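In our numbering, the protein residues as written are 208 to 323. Glycine included, every Cβ here is placed at the ideal spot set by N, Cα and C. Quick caveat: nothing in here was measured; it's all calculated off a predicted structure.
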């Protein structure tokens, strides 16, 4: 089973789930505004994405509206607090497969590689 984490109103998440539906890939969708990821999950995702900087969508409206002092968390604890407070900052969708595969974002070629 595959779990897709994102926002139900996100266009990129909608494209990703339409792709999965079209190719018959079973998945569970988790809206992380409704079910916020645990701090441990955020740390795991950051580790797999290449760090918190890579996990965050810095071109998002939410990021641009943050005060400057919030845009450079100095510790893991500050990152976790920021992302729990603003889960929409996580670049989406986050895809986690049972076999351990992990990806962020959506592209047709990326999903072809991920799902064969």
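Here DSSP, grouped into helix, strand and coil, assigns residue 320 to helix.
Counting every other CB atom within 10 Å of its CB across the protein chains shown gives residue 269 a total below 16, marking it as exposed.
Between the alpha carbons of residue 222 and residue 210 lies a distance of about 15 Å. Judged by DSSP in its simplified three-state form, residue 232 adopts coil rather than helix or strand. 8 Å or more divides the Cβ of residue 213 from the Cβ of residue 277.
A residue is called buried once 16 or more other Cβ atoms fall within 10 Å of its Cβ, and residue 310 is buried on that count. Around residue 232, the same chain offers 209 and 322 as residues with beta carbons nearer than 7 Å, after the five sequence neighbours per side are excluded.
Distance from the CA of residue 320 to the CA of residue 252, rounded to the nearest whole angstrom, comes to 20 Å. Judged by DSSP in its simplified three-state form, residue 306 adopts coil rather than helix or strand.
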